[in-house]
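S.K.:
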Amino acid sequence: MRSHTPSLVGRDPQLTQLERAMAEARQGMGSVVFLVGEAGVGKSRLAAEAVGGALGSGMRVLRGRSSTTGPAVPFRPLTEALMSLFRGGDPMDDLALGPYRPVLGRLIPDWDTGERDSSSMVILGEAVLRLLIAAGRGQGQLMLLEDLHDADPETLGVLEYLVDNLAYTPVLLVATVRTDISDALDLAQSARRRGAATVVELAPLSQPQVHEVIAAQLGADSPDDVPAAVLSRLWEDSAGSPYLVEELLQSMIGSGTLVQGPGGWRAVGDLRRDVSSTLARGILRRIDRLGAQGLNLLSAAAVLGRRFPLSVLQHMTGVDDRTLLGHLHAGVAARLLVPDEPAPDWYSFRHSPTLEALFTQMTPGQRAELARQGAQAVEELHPALEGDWCALAASLRCEAGDRVEAGLLYADAGGRALTAGALNSAVTLLSRAESLLADAGDPQARAAALENLLPALAEAGDFARAFDLVDDLHALGSAGLSAQRLATLHARLAKVAHTAGRWSDGNRQIARAREVLAAAPDEATAAAVDVTAAYLALDTPGPDRTQHAQKLARSAADTAERHGLPVVACQAWELLATVARERDPQESAAMLGQAMSAAERHRLPLQRMYAATRMGGNAWLAEGDTSGLLTAREEALRLGSVNIVHTVDGILVLDAVLRGEDTAARSAAAECLAVVRRLRLAPAVRYVLMAQATLEAHRGDRPAMEAALAAFTEWDGAGSQEEPLSLGLARAFCALLEENRDLARAELAAVQAMEADNPSTYHLSGTHGLLLLLDVLAGDADRARHAETTATAMARMRWNRQFVHLAEAVLLGREGAQTDAAAAVEVALAAAEPYPLAQQLGLRLIADAAHQDGWGDPVGWLRRAEHYFHERDIPAVTGACRAGLRRLGAPVHQHRSGTSGIPEHLRTQGVTVREFDVFRLLAERLSNKGIADRLFISPRTAEKHIASLITKTGAANRADLCARSAALRSG
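Using our numbering, you'd call the opening residue of the sequence shown number 58 and step up by one each time.
#1: DSSP puts M648 in a beta bridge; with which residues?
#2: Tell me the residue span of the beta strand (DSSP E) that contains W322.
#3: Excluding the five sequence neighbours on either side, which residues of its own chain have a C-beta within less than 7 Å of the C-beta of P261, listed in chain order?
#4: Tell me the start and end of each unbroken alpha helix (DSSP H) in the segment 541-601 that is at least 4 residues and wholly inside, in chain order.
#5: Tell me the residue span of the alpha helix (DSSP H) that contains V833.
#6: Tell me which same chain residues have a C-beta within less than 7 Å of the C-beta of E76, skipping the five on either side of it?
#7: Specify the secondary structure class of P227 as computed by DSSP and reduced to three states.
#8: Can we say the segment 724-734 touches the segment 676-689, given the rule of at least three CB pairs closer than 8 Å?
#9: Which residues bound the alpha helix (DSSP H) around R671?
#10: Look at A248 and S123 and say whether their C-beta atoms are less than 9 Å apart.
#11: Helix or strand or just coil, what does DSSP make of T255?
#12: Check the DSSP bridge columns for T233 and list the partner residues they point to.
#13: Hey, could you find the ends of the beta strand (DSSP E) Y404 is sitting in?
#14: Please return the same chain residues whose Cβ sits closer than 6 Å to the Cβ of T603, not counting the five positions on each side in sequence.
#15: May I ask you to list the residues that DSSP assigns as paired with G11?
#16: Look at R429 and G464 and say whether their C-beta atoms are less than 9 Å apart.
#17: With which residues is L394 paired in a DSSP beta bridge?
#18: What separation, rounded to the nearest whole angstrom, lies between the Cα atoms of Q10 and G113?
#19: Quick one: Cα of L794 to Cα of L715, how far?
#20: Could you tell me the alpha carbon to alpha carbon distance between G67 and Q350, rounded to whole angstroms?
#21: Go through its chain and collect everything with a Cβ distance to C627's Cβ below 6 Å, but skip five positions before and after it.
#22: Determine whether the beta carbon atoms of G471 and R460 lie at a separation below 9 Å.
#23: Would you mind listing the alpha helix (DSSP H) stretches within the segment 475-510 that are 4+ residues and don't spill past its ends, in chain order?
#24: Which residue comes first and which comes last in the beta strand (DSSP E) that contains Q198?
#25: So the beta strand (DSSP E) G351 belongs to, where does it begin and stop?
#26: Please list the terminal residues of the continuous beta strand (DSSP E) segment that includes G913.
#27: P366 bridges to which residues according to DSSP?
#28: Quick one: what does DSSP say R929 is sitting in, helix, strand or coil?
#29: May I ask you to verify whether the segment 236-247 touches the segment 270-286, counting CB pairs closer than 8 Å and requiring at least 3?
#30: Report the three-state DSSP secondary structure of G121 (helix, strand or coil).
#31: If you check the beta carbons only, do P134 and G121 fall under 9 Å apart?
#32: Please determine, among G941, E812, S452, H268, the residue with the shortest C-alpha to C-alpha distance to G599.
#33: Starting from E769, trace the alpha helix (DSSP H) in both directions and tell me its first and last residue.
#34: Which stretch, first to last residue, makes up the alpha helix (DSSP H) that contains Q1044?
#35: Which of the three DSSP states is assigned to T212 in this structure?
#36: If you draw a straight line from the C-alpha of L1037 to the C-alpha of Q859, how long is it?
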């Protein structure tokens, strides 16, 4: 008899839908299809048909299947699917993966650097997405993930990301999911609701379709050649399930109730039996044919799980190689087992009902004894319990009733998963450990599990559950735990609070940790508490937070050096360096050197990278030098630290903005923002949005700046470290380019007040440079104020330094030192050389003061600035420079070019450059005086230009002209 239906029955509409999705994927329009149905309804059969069609059309096919062996093995279906990319021998072009290649080492052993952080599922999802796009380019790609209901949480985390981002890629993702309640089913239904995926629900076959399947299975020409009683019985008992049709048919033939003779198939005996018992008895009957030893072998295998390793099975049962292979081959022939490719030492049961049937003939005691034997076999064959063996041993010990041993093994497996970055598996395993050890009454072992569970919950974002454990910490405190361990637990919970932004909760946990240690002081534990407290202090609002954080970090660093705590030492020195930067750059560099040295000495590549990034950041602030940042970025690329890569990218975007490289900055910002938004990297999103707002502000485009700042606020910009920059680099500059110095000073005063209440570690907001210059020009800052500002390290940072030197020049000019004042301007211009907009704006700002006090070259400066701002199409400053030249009695050169900036439809109507300047300002619905003030013309001239515009454009009135201007600006 045939083992499979030769043709697919009753699934033509679904197959057509899959074929259409494959055709679209080949055209670069990827999608996701979930095949959902009950067990045995034919999901895998339909998927197999789709695979055949994909291969026939030249698509690449990647296949993976989830497993139920013990605790879920992280990423198994993804690893199995992606590994097929490397079996054909064709080289993989991995250039497109960029910083994501090392991240894929979690899935692809050949790319495992051994040095990676706990990247989120989102970052790993982006890495898989890029790999699929690269592999599917030019031919299309089908990725099939089967039995997703058994998938581990990590796989589902990556899959959720892929579901939302496969559109416009050459990839079709097909996944099979049972209708049983599961996280995978929730994922499929959620994706369908938001339009990110298609859910194809496979209903049971109809009666005619079941009859067709039966005929095909029996090799009959039509259902008419099958006994009517058989057709009726199988329809009633199978409920339309193709799998049950096949199994029950096998059972009928095996029991002799359906036989084939010269005249065809005929029924013999009673066909009316209970469905479940019939199925189980049919499976057990086929197992019985393997003999008593075969039954024992499969019973032991069932305890190991649906997938089972041959080495462990052989060690459990004591059979020799020949006997083992003989029974395995017999099991495959009986369609009970299948080789579990690609692992050569593993087999699996073909269907889960086979395991259930085997369990029905075991007593609980027999099952527990087999589980104990399995655990012993795993531990003897793999004494280090490396990889997934620890989790398998834990599940077997649990089934055997060894709850304490199982809890310890789960704790060990969970700790390893946390180190490997498999956060959801770590939470699952450690939660099991904590539960088992709590019931067993072992507070020390439970506390050890909690030490890893708390940071795992924090990294996974499950803060509520972490804080639910507070009461458990109180209970453990009275259960004989050592003070050191209890304090460590409180410190871990404080770190959870810091990650969640719950500073007060974190500080309360720090206080509890200190109370515990007061009774039994321990320096090493206190250092770990102090470094967490330092980071909490730095982020807790308050005027003294910087000093408090510095004191705590210094204590932690000293203690860490004495007790050999390299991670604590690195964390402490990095925080100290950040704080010291505003006081003494050399001291900050020395501290980062200490962190770097410790990281290299103790082989901590991530800590080394963090120190290198901060060193590069310091060099950029000091001299505008990006080489250190680029070097650190290369190191981050090598290690796969996507967070650091995009953090550096954000700084490089801002650097391009300040250098006036608008086109490059806009492109880089859009590219970076698209990725970090998708990855939900909030700090990087805020930084890039701040840089975008600065870009628009430096173009004098207030509406575009406000739009970027509105998006910045939506990403929790209020109160963030980037907020002072959004005021100083964006709003203040936009006001200056509108020739509104009072507004610019007000914005900078707001920054000053903000930083007084909550000191910031960002220092380019203008309070140590631009504000000084504006106050000096306004007569509100004297030599003493200048000396106070220049004494700070922040004033010596290159961006700030240009404005400090200009303020010095203005003061010298007022004091009558004309030569020294002019020399100070030259120093300022040299400092401002990388920043053309700031350089020219500075010249425009000091020109009037220079003319009034009789020093420098105000006419030359205004000419330079007027030309620059005219080329940048910033009319307010251009007009101010022209007005200044007229006041100085200097001729104003007319720019005959510039009409190319006027839209075609307005240019053909005869609109001049100056009229277009007026037209653009009408979008803000300014009065004639407001327009005149912006363009440095008289209100009467502004009125004439508006009248001319109404005539030329055919506008109905001024309001209509304003509406047209607003439409042009927004469109």
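Heads up, the beta-carbon is just placed ideally off N, CA and C, and yes, glycines get one too.
Computed from a prediction, not measured in an experiment: that's the story for all the values here.
M.R.: The relevant details are as follows:
#1: The residue given as residue 648 occupies position 591 in the sequence shown. Answer by DSSP bridge pairing: none, since M648 is not bridged.
#2: Start at 1 with the first residue of the sequence shown, and residue 322 comes out as number 265. Run containing W322: 321-324, per the beta strand (DSSP E) assignment.
#3: Residue mapping note: residue 261 aligns to position 204 of the sequence shown, counting from 1. Cβ neighbours of P261 beyond the five flanking positions: V98, A296, G297, S298.
#4: 560-576, 580-596
#5: By 1-based counting over the sequence shown, the position of residue 833 is 776. Run containing V833: 827-834, per the alpha helix (DSSP H) assignment.
#6: Taking the sequence shown and counting its residues from 1, the one referred to as residue 76 is at position 19. Result list for E76: G110, in chain order.
#7: Walking along the sequence shown from the start, residue 227 turns up at place 170. Residue state, collapsed to three classes: coil.
#8: no
#9: Residue mapping note: residue 671 aligns to position 614 of the sequence shown, counting from 1. Segment 662-680, the alpha helix (DSSP H) holding R671.
#10: What you label residue 248 is simply residue 191 of the sequence shown in a count that begins at 1. What you label residue 123 is simply residue 66 of the sequence shown in a count that begins at 1. Contact flag unset, no.
#11: The residue labelled residue 255 in the question sits at position 198 within the sequence shown. Correct three-state label for T255: strand.
#12: Here residue 233 corresponds to residue number 176 of the sequence shown, with the count starting at 1. DSSP lists L92 as partners of T233.
#13: The residue given as residue 404 occupies position 347 in the sequence shown. Element bounds for Y404: 403-406.
#14: Translated into the one-based positions of the sequence shown, residue 603 becomes position 546. So the qualifying residues of the chain are V636, P816.
#15: With the chain covering 58 to 1028 only, the question about residue 11 has no answer from this structure.
#16: By one-based count along the sequence shown, residue 429 stands at place 372. By one-based count along the sequence shown, residue 464 stands at place 407. No; because the gap between Cβ atoms is not below 9 Å, this pair is not in contact.
#17: To locate residue 394, count along the sequence shown from 1; it is residue 337. Looking at the DSSP assignment, L394 forms a beta bridge with F406.
#18: In the structure displayed, the chain extends from 58 to 1028; residue 10 sits before or after that span and is not available.
#19: Sequence index remark: in the sequence shown, residue 794 carries index 737 (1-based). Sequence index remark: in the sequence shown, residue 715 carries index 658 (1-based). Taking the straight line joining both Cα atoms gives about 15 Å.
#20: Here residue 67 refers to the residue found at position 10 of the sequence shown. Here residue 350 refers to the residue found at position 293 of the sequence shown. Near 41 Å, if we compare the C-alpha coordinates of Q350 and G67.
#21: Sequence index remark: in the sequence shown, residue 627 carries index 570 (1-based). Only A652, A655, A656, Q664 meet the Cβ criterion.
#22: The count along the sequence shown starts at 1 and reaches residue 471 at position 414. The count along the sequence shown starts at 1 and reaches residue 460 at position 403. No, the Cβ-Cβ distance between G471 and R460 is not below 9 Å.
#23: 480-497
#24: As a first step, residue 198 is located in the sequence shown; it is residue number 141 there, counting from the start. Element bounds for Q198: 198-203.
#25: The sequence position of residue 351 within the sequence shown is 294, counting from 1. Run containing G351: none in the beta strand (DSSP E); it sits in the alpha helix (DSSP H), 348-361.
#26: Looking up residue 913 in the sequence shown gives position 856. Unbroken run through G913: none, as it is neither H nor E.
#27: Within the sequence shown, residue 366 is the residue found at index 309, counting from 1. Answer by DSSP bridge pairing, in chain order: W403.
#28: Reading the sequence shown from its first residue, position 872 is the one you call residue 929. Correct three-state label for R929: coil.
#29: no
#30: Within the sequence shown, numbered from 1, the residue matching residue 121 stands at position 64. G121: strand per DSSP, three-state reduction.
#31: In the sequence shown, counting from the first residue as 1, residue 134 sits at position 77. In the sequence shown, counting from the first residue as 1, residue 121 sits at position 64. For P134 and G121, yes; Cβs fall inside 9 Å.
#32: Here residue 599 refers to the residue found at position 542 of the sequence shown. With distances taken between Cα atoms, G599 lies closest to E812.
#33: Against the sequence shown, residue 769 aligns to sequence position 712. For the sequence presented, residue 769 should be read as Phe rather than Glu. Here the alpha helix (DSSP H) through F769 covers 759-771.
#34: As displayed, the chain neither begins before 58 nor continues past 1028, which places residue 1044 out of reach and without an answer.
#35: Position 155 of the sequence shown, counted from the start, is the residue given in the question as residue 212. Reduced to three states, the DSSP call for T212 is helix.
#36: Only positions 58 to 1028 of the chain appear in the structure, and residue 1037 is not among them; the question remains open.
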